[in-house]
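**Student:** Going letter by letter, the sequence shown gives residues 19 to 503 in the numbering used here. All residues carry an ideal CB built from backbone N, CA and C; glycine is no exception. Just so you know, these numbers come straight off a predicted model, no measurement behind them. Dropping the structure in here first, questions after.
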Amino acid sequence: MFAGTGSDVGKSVIVTGFCRIFLQDGYRPAPFKAQNMSLNSFATPDGMEIGRAQAVQAEAAGIPCHTDMNPLLLKPTSDQSSQVVLNGKPIGSQTAKEYFRKEGRDVLRQEVHNAFDRLEKQYNPIVLEGAGSVSEINLRELDLVNLPMAIHARADVILVADIDRGGVFASVYGSILLMTEEERKHTKGILINKFRGDVSIFESGVKMLEELCKIPVLGVIPYFRDIHIEEEDSLMLQTKNSQATHGKINIVVILLRHLSNFTDFHILERDPRVHLYYSNDTKDIAQANIILIPGSKNTISDLCELRRNGVAQSIVSAYEKGATVMGICGGYQMLGREVCDPHQIEGQIERFAGLCLLPISTEIQSEKVTRQVQFTFLDSKELCSGYEIHMGKTVPTHGTEYNSLNTLTDGTNDGFYLNHKCFGTYIHGILDNSAFIDFLLRSYTTELADKPFDYKAYKEEQYNKLADHIRSHVNMDLLYEILTK
């Protein structure tokens, strides 16, 4: 298990790297995170839902993703409540106070233990990931994902610390000091992550940590910028580009408060023809050639916010002046005439006007659609792939002829195509298909890709680069010695 001294220390990426390392070394690894909180999710081959990070880790391990790799997923719907997805299916929404209570905790604990036990029978090793800090002592009795899970799994725990944020000695020593005696027995090593500068300068620090904590430091991993692995947390979007630039196709992704599945746009960050940026500033939106409205975990709430802050009007104005507007999932719903929630699934507002760019109407429904799909778009013959995760049904408004964007291999249709400057879809991952990227960009460039961008091969290259980076800075012999004792 790779557990952390805090959130955002790099656990997910470390697990991804070790999944690839173990695969390269001839093993059959699988990732596991008992409980994840994220709006970035993925559909498994059997139509269930898990955290996107575990799907990425499974890809690095060379295996199909499965709900047993992330049996419990929390998808925030507001600052105080989340939809609870258990074994791939939503079981309702709970406030933090409702979720972190003792009653019913044993049921959830048994579910995540069962998932691990099933996974362990198929793969070796299981690479577990903790969540947040290992030392939230006020939640120790309720913890499903950190050291109690490691104890059930009989896992060796490697404590990951982020030296870039400062305070690495206190965070590592304090975390170990706050463990119970049994928890400390499982903690076998320390990994220092995100080091900037000359690693040799920290050699004395390594010795001090080992003397203080009585366990070895397995490595000091330098900060990297040239390896591109999908981030788990949309908070990272705040550090990305936020303004237009000259000489490229400017594409803005609207920053929604409940933005989900932001990895839909990861491929555009790699396209040399494109300058991708994230913003909810009306001036930045006005300068974009293409406006992408992403998925949302609370479509009506985000629509309200877009109306309040002027972004809704800026999107409409930009379209009227020639910009392309595309919506994905919740963003597709927002492009319509209205979003209705008669059962108050998202909140107390039962109907809210959309941007009125597409002649469609959406009703939020209690049943979630979760599936992987293959499709063609418009008159293209190229077979594309993606996945759906949504809780709404969208239909053309009365008297409108349905002009679908996509045709699925099962014969059903998806999305709505108004013209080459306005369209929407429920399919996440649609932009991972090079043919669709060329379609999206063709109004702004005559330079189509001479050779289609092979996103799958690109990701494989990044997993291997990550594995090489970790190998070169971790004592792998010592790690294998720990794991085989």
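From what residue to what residue does the alpha helix (DSSP H) around Asp-456 run?
**Tutor:** Asp-456 -> alpha helix (DSSP H) spans 452-459.
**Student:** Measure the C-alpha to C-alpha separation of Gly-429 and Glu-499 and round it to an integer number of angstroms.
**Tutor:** So the alpha carbons of these two residues sit roughly 54 Å apart.
**Student:** Helix or strand or just coil, what does DSSP make of Lys-107?
**Tutor:** Residue state, collapsed to three classes: strand.
**Student:** Given that a residue counts as buried once 16 or more other Cβ atoms are within 10 Å of its Cβ, and exposed if not, what is Val-125?
**Tutor:** Exposed.
**Student:** Contact between the stretch 167-180 and the stretch 141-151: three or more CB pairs below 8 Å?
**Tutor:** As far as the Cβ criterion goes, the stretch 167-180 touches the stretch 141-151, which means the pair count is three or higher.
**Student:** Kindly list the residues whose CB is nearer than 7 Å to the CB of Cys-83, restricted to its own chain and excluding five residues on each side of it in sequence; keep chain order.
**Tutor:** The answer, listed in chain order, is Phe-60, Thr-62, Ile-68, Gln-72, Ala-73, Ala-76.
**Student:** Flag Lys-212 as yes if its beta-carbon sits less than 9 Å from any beta-carbon of chain D, otherwise no.
**Tutor:** The structure shown has no chain D; it contains just one protein chain.
**Student:** From the DSSP secondary-structure annotation, give me the bridge partner or partners of Glu-381.
**Tutor:** Partner(s): Cys-358, Lys-411.
**Student:** Output the boundary residues of the alpha helix (DSSP H) element that contains Lys-115.
**Tutor:** Lys-115 -> alpha helix (DSSP H) spans 114-117.
**Student:** Let me check understanding here. Comparing Cα to Cα, which of Gly-24, Leu-57, Phe-50 lies closest to Asn-279?
**Tutor:** The option with the nearest alpha carbon to Asn-279 is Leu-57.
**Student:** Return the CA-CA distance between Asn-211 and Leu-496, expressed in angstroms with no decimal places.
**Tutor:** Approximately 18 Å, taken between the alpha carbons.
**Student:** Which residues bound the alpha helix (DSSP H) around Met-344?
**Tutor:** Element bounds for Met-344: not the alpha helix (DSSP H) but the beta strand (DSSP E), 342-346.
**Student:** Which residue comes first and which comes last in the alpha helix (DSSP H) that contains His-131?
**Tutor:** Per DSSP, His-131 belongs to the alpha helix (DSSP H) from 123-138.
**Student:** Pull up the CB-CB distance for Ile-267 and Arg-288, whole angstroms please, since I reckon it's below 8 Å.
**Tutor:** So it is not a contact: roughly 14 Å between Cβ atoms.
**Student:** Can you check which of these residues, Tyr-295, Asp-244, Ile-311, is closest to His-269 by C-alpha distance?
**Tutor:** Note on residue identity: the sequence assigns Ile, not His, to residue 269. Nearest C-alpha to Ile-269: Tyr-295.
**Student:** Classify Leu-449: buried if its beta carbon has 16 or more other beta carbons within 10 angstroms, exposed otherwise.
**Tutor:** Buried.
**Student:** If you pair each beta-carbon of the stretch 235-247 with each one of the stretch 482-494, do three or more pairs fall below 8 Å?
**Tutor:** At 8 Å Cβ cutoff, the stretches touch.
**Student:** What's the call for Ser-30, buried or exposed, on a 16-neighbour Cβ count within 10 Å?
**Tutor:** With 16 or more other Cβ atoms within 10 Å, it is buried.
**Student:** Measuring straight from C-alpha to C-alpha, what distance separates Val-271 and Lys-386?
**Tutor:** Approximately 25 Å between the Cα atoms of the pair.
**Student:** Express the C-alpha separation of Pro-47 and Lys-232 in angstroms, rounding to a whole number.
**Tutor:** If you take the alpha carbons of Lys-232 and Pro-47, they lie about 29 Å apart.
**Student:** What would DSSP say about Asp-26, mapped onto helix, strand or coil?
**Tutor:** Coil, per DSSP.
**Student:** Quick check: the Cα distance between Gly-372 and His-131, rounded to an integer number of angstroms?
**Tutor:** Each residue's alpha carbon lies about 43 Å from the other.
**Student:** Give the single residue among Ala-52, Ala-114, Thr-34 whose Cα lies nearest to the Cα of Gly-6.
**Tutor:** Outside the shown range of the chain, which is 19 to 503, sits residue 6, and nothing can be said about it.
**Student:** Just checking Pro-360 against the ligand PLP - is the residue's beta carbon closer than 8 Å to any of the ligand's heavy atoms?
**Tutor:** In the structure on display, the ligand PLP does not appear, and there are no ligands present to speak of.
**Student:** Do you know whose CA, among Ile-382, Thr-425, Ser-384, His-416, lies nearest Cys-402's CA?
**Tutor:** The candidate whose alpha carbon is nearest that of Cys-402 is Thr-425.
**Student:** Which parts of the stretch 263-310 are runs of the alpha helix (DSSP H), unbroken and 4 residues or longer, counting only runs that do not cross its ends?
**Tutor:** Listed in chain order, the complete alpha helix (DSSP H) runs (minimum 4 residues) inside the stretch 263-310 are 300-304.
**Student:** Helix, strand or coil: how does DSSP classify Tyr-481 here?
**Tutor:** Helix.
**Student:** What are the residues that DSSP puts in a beta bridge with Val-238?
**Tutor:** Val-238 pairs with Ile-210.
**Student:** At what residues does the alpha helix (DSSP H) containing Ile-333 begin and finish?
**Tutor:** It spans 329-338 - the alpha helix (DSSP H) in which Ile-333 sits, taken as one unbroken run.
**Student:** Counting Cβ pairs, one atom from each stretch, are 3 or more of them under 8 Å apart for the stretch 437-455 and the stretch 104-119?
**Tutor:** The answer is no - the stretch 104-119 does not touch the stretch 437-455, with fewer than three Cβ pairs under 8 Å.
**Student:** For Asp-97, does the count of other Cβ atoms within 10 angstroms reach 16, so buried, or fall short, so exposed?
**Tutor:** It is exposed - the Cβ of Asp-97 has fewer than 16 other Cβ atoms within 10 Å.
**Student:** Quick one: Cα of Glu-228 to Cα of Glu-200, how far?
**Tutor:** Taking the straight line joining both Cα atoms gives about 19 Å.
**Student:** Please identify the residue among Arg-38, Gln-480, Asn-437, Val-391 whose C-alpha is closest to the C-alpha of Glu-338.
**Tutor:** Answer by Cα proximity: Asn-437.
**Student:** Kindly indicate which three-state DSSP category Glu-201 falls into: helix, strand or coil?
**Tutor:** In the structure shown, Glu-201 sits in a helix (DSSP, three-state: H, G or I).
**Student:** Could you check what DSSP says for Tyr-435 in three-state terms: helix, strand or coil?
**Tutor:** Tyr-435: strand per DSSP, three-state reduction.
**Student:** Quick one, are the C-beta atoms of Ile-309 and Ile-318 less than 9 Å apart?
**Tutor:** No; because the gap between Cβ atoms is not below 9 Å, this pair is not in contact.
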